[in-house]
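Take a look at the structure below.
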Amino acid sequence: MTNTQKQLEELQKEANICTQCSLCQDRNKVVFFDGSSTAPIFFIGEAPGKNEDEIGIPFIGRAGQLLRKFLFELGYTKDDFYIANTVKCRPPKNRKPALEEKNACKRFLDKQIELVNPKIIVLVGSTALESFISDKKLTITKARGKIFEINNRRYYPIFHPSYLLRYHSLEPGKPRYLFKEDLIKIKNLVNKY
Ligand code: URA
5 MTNTQKQLEE LQKEANICTQ CSLCQDRNKV VFFDGSSTAP IFFIGEAPGK
55 NEDEIGIPFI GRAGQLLRKF LFELGYTKDD FYIANTVKCR PPKNRKPALE
105 EKNACKRFLD KQIELVNPKI IVLVGSTALE SFISDKKLTI TKARGKIFEI
155 NNRRYYPIFH PSYLLRYHSL EPGKPRYLFK EDLIKIKNLV NKY
C-alpha cells in the first residue's frame with residue numbers, strides 16, 4: 005500500500021466516526037469514495053442518497069448507474085476516476101446539503117483532493133459547482149463545458165445525471181448529448197495534461 009493510500013484510509017476512518025454536523029444522526033454508512041486513489045479525474049457529486057447510505061459507495065443509485073454507464077461506454081476504466089460527494093452522509097429525504105453541512109465536511113473533501121491530486125476535478129451538478137466556484141450568477145447550464153482554473157486546480161462542471169433521468173433524447177444540444185460530449189472532452193483533456 006502506498007503512503008497516499010494509507011493516508012486516505014486514515015482519513016476515511018476519521019470520517020466514519022465524524023459527528024461534526026447533524027447528518028451523522030440518521031446515517032447508516034459514511035459514503036467516502038469509490039474508484040482509484042491515483043485517478044487523473046476526480047468526480048464530485050452532491051450527497052449520498054438512499055442506496056449510497058445503505059451500501060457506503062457513492063453514485064450507485066439510478067443517477068449513479070447512469071453516470072457509470074456513460075463512463076464505461078466512453079472507455080473510462082475504474083483506474084480513471086475517483087468519486088466523492090460534497091457531504092459524506094445522506095441528508096434527510098434527499099434534500100440538498102446545507103452550507104454548514106458542506107462546510108463541516110469540506111476538510112475531508114479537500115484532503116481527498118490533495119492526496120489524489122487529480123489532473124481535473126469534475127463538478128457534477130449545481131451543488132458541487134457552488135461549493136467550489138463562488139459566482140452566484142453562474143448556473144450549471146452556463147458553467148458546464150468550460151474549464152475553470154482556481155488555485156492551480158482545474159474544475160470542469162457537468163450536469164448532474166439525475167437531471168438526465170428526465171431527458172432521454174441524445175439529439176445534438178439536448179442534455180444527454182451535452183453530458184456525453186463533456187465526458188469525451190474530459191477524457192481527451194486528461195490525455196493532454
Ligand atoms: N449519489 C451520489 O453519491 N451523489 C449524488 O450526487 C447523487 C447520487
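Note that the working numbering has the sequence shown beginning at 5, numbered continuously upward.
Heads up, the beta-carbon is just placed ideally off N, CA and C, and yes, glycines get one too.
- Report the option in 22, 52, 170 and 42 whose CA atom is closest to the CA atom of residue 101. Looking at the Cα atoms, 52 is the closest of the given residues.
**Item:** 7 Å Cβ shell around residue 194 - same chain, five flanking residues per side excluded
**Value:** Taken in chain order, the residues that qualify are 44, 45, 123 and 124.
Residue from 140, 141, 73 and 105 with nearest C-alpha to residue 187: When 140, 141, 73 and 105 are compared, the shortest CA-CA separation from residue 187 is found for 73.
Check: residue 130 C-beta below 7 Å from any heavy atom of the ligand URA: Incorrect: residue 130 has no Cβ contact closer than 7 Å to the ligand URA.
Do the region 66-86 and the region 159-176 touch if we need at least three Cβ pairs shorter than 8 Å? The region 66-86, when compared against the region 159-176, does touch it at the 8 Å Cβ threshold.
Do residue 41 and residue 75 have their beta-carbon atoms positioned less than 8 Å apart in this structure? Between residue 75 and residue 41, the CB-CB gap reaches or exceeds 8 Å.
- Item | alpha helix (DSSP H) segments (min. 4 residues) lying fully within the region 114-140 | The region 114-140 contains, as complete alpha helix (DSSP H) runs of 4+ residues, the segments 130-136 (chain order).
- Task: Could you check if residue 89 is buried or exposed, using at least 16 other CB atoms within 10 Å of its CB as the buried criterion?
- Result: Burial state of residue 89 is buried, judged by a 10 Å Cβ sphere holding 16 or more other Cβ atoms.
TODO: Output yes or no for whether 8 Å exceeds the beta carbon distance between residue 137 and residue 160.
DONE: Result no, Cβ atoms of residue 137 and residue 160 do not sit closer than 8 Å.
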